[in-house]
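Input: a single structure, listed below in structure tokens.
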DNA sequence: CGTACGATCTGCT
DNA sequence: GCAGATCGTACGA
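Numbering (the numbering used here), first residue to last: 16 to 214.
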């Protein structure tokens with residue numbers, strides 16, 4: 016059985032819990048009339064105003080970060096290193112700027128289109144491992160910022176994949192050395208049990 | 001207005 | 001292992 020995640024899902028749990036809970040959920044896009052879906056296999060939580068690694072640290076509120084202050088259940092897409100688009104899920108209530116970066120997926124639908132976008136010949140373990148690769152695979156661009164996550168272009172599904180607790184690993188976030196002690200927080204979650212999602 | 005830099009990826013060594 | 005790509009954002013002048 017498979018169902019779209021309801022908007023309330025994003026509102027009533029802590030962002031760190033959700034980051035872990037999203038492992039095994041399915042992220043779908045229909046962009047340029049192409050349907051592509053992948054099971055989320057790696058995430059990072061960004062815990063708002065108190066988190067030095069977050070764009071919203073210290074309550075920073077600008078054109079770019081404004082969407083993080085929305086009620087949960089919308090997308091936050093931004094440009095990184097001038098090249099890569101990074102896709103985040105905004106969570107929690109209005110004015111609480113929590114977000115979850117999607118760092119990796121295992122593609123399960125529209126795989127041909129994913130391969131085309133990635134410029135690859137076949138599906139390999141690391142085809143969509145890395146946040147820039149995820150957005151490239153799913154066709155997500157800056158114009159997909161601030162979209163509802165139960166909409167026509169982007170949505171999340173629970174396909175009933177059961178990832179065992181012991182198969183979800185935890186560690187510090189990547190590329191946030193500037194965040195001082197917060198760089199050490201165990202806010203990154205991932206699994207490598209791709210076999211669960213095959214066939 | 002100027003400028004420094006980043007929640008990265010790739011290809012080459 | 002490392003350099004280069006590449007540009008919007010943030011912030012100070």
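Idealized CB from N, CA, C, for every residue including glycine.
Given the structure is predicted, the values throughout are model-derived calculations rather than measurements.
Euclidean distance between Cα positions of residue i and residue j
i: residue 48; j: residue 189; result: 33 Å
i: residue 158; j: residue 78; result: 14 Å
i: residue 31; j: residue 208; result: 21 Å
i: residue 136; j: residue 127; result: 9 Å
i: residue 95; j: residue 156; result: 12 Å
i: residue 73; j: residue 34; result: 22 Å
i: residue 100; j: residue 91; result: 10 Å
i: residue 170; j: residue 162; result: 9 Å
i: residue 201; j: residue 59; result: 9 Å
i: residue 29; j: residue 182; result: 21 Å
i: residue 185; j: residue 166; result: 30 Å
i: residue 214; j: residue 180; result: 22 Å
i: residue 85; j: residue 139; result: 36 Å
i: residue 83; j: residue 210; result: 34 Å
Contact check, residue i vs residue j, beta carbons under 9 Å
i: residue 212; j: residue 176; result: yes
i: residue 111; j: residue 145; result: no
i: residue 51; j: residue 154; result: yes
i: residue 66; j: residue 197; result: yes
i: residue 25; j: residue 105; result: yes
i: residue 38; j: residue 129; result: no
i: residue 61; j: residue 113; result: yes
CB-CB length for residue i against residue j, believed under 8 Å
i: residue 88; j: residue 22; result: 4 Å
i: residue 218; j: residue 174; result: This structure does not reach residue 218, given that the chain is present from 16 up to 214, and the question cannot be answered.
i: residue 46; j: residue 168; result: 6 Å
i: residue 133; j: residue 142; result: 6 Å
For residue i: DSSP bridge partner residues
i: residue 25; result: Paired residues: none, contrary to the question.
i: residue 90; result: 104
i: residue 119; result: 57 and 144
i: residue 172; result: 19 and 41
i: residue 219; result: Look at the range of the chain in this structure, 16 to 214, and you will see that residue 219 is not part of it.
*Check whether the segment 55 to 68 touches the segment 108 to 125, counting contact only when three or more Cβ pairs, one atom from each stretch, lie closer than 8 Å.*
Contact between the segment 55 to 68 and the segment 108 to 125 is established, with three or more Cβ pairs separated by less than 8 Å.
*asked:* Below 8 Å, how does it come out for the segment 100 to 118 and the segment 144 to 159: are there three or more Cβ pairs, yes or no?
replied: Below 8 Å, enough C-beta pairs join the segment 100 to 118 and the segment 144 to 159 to call them touching: three or more.
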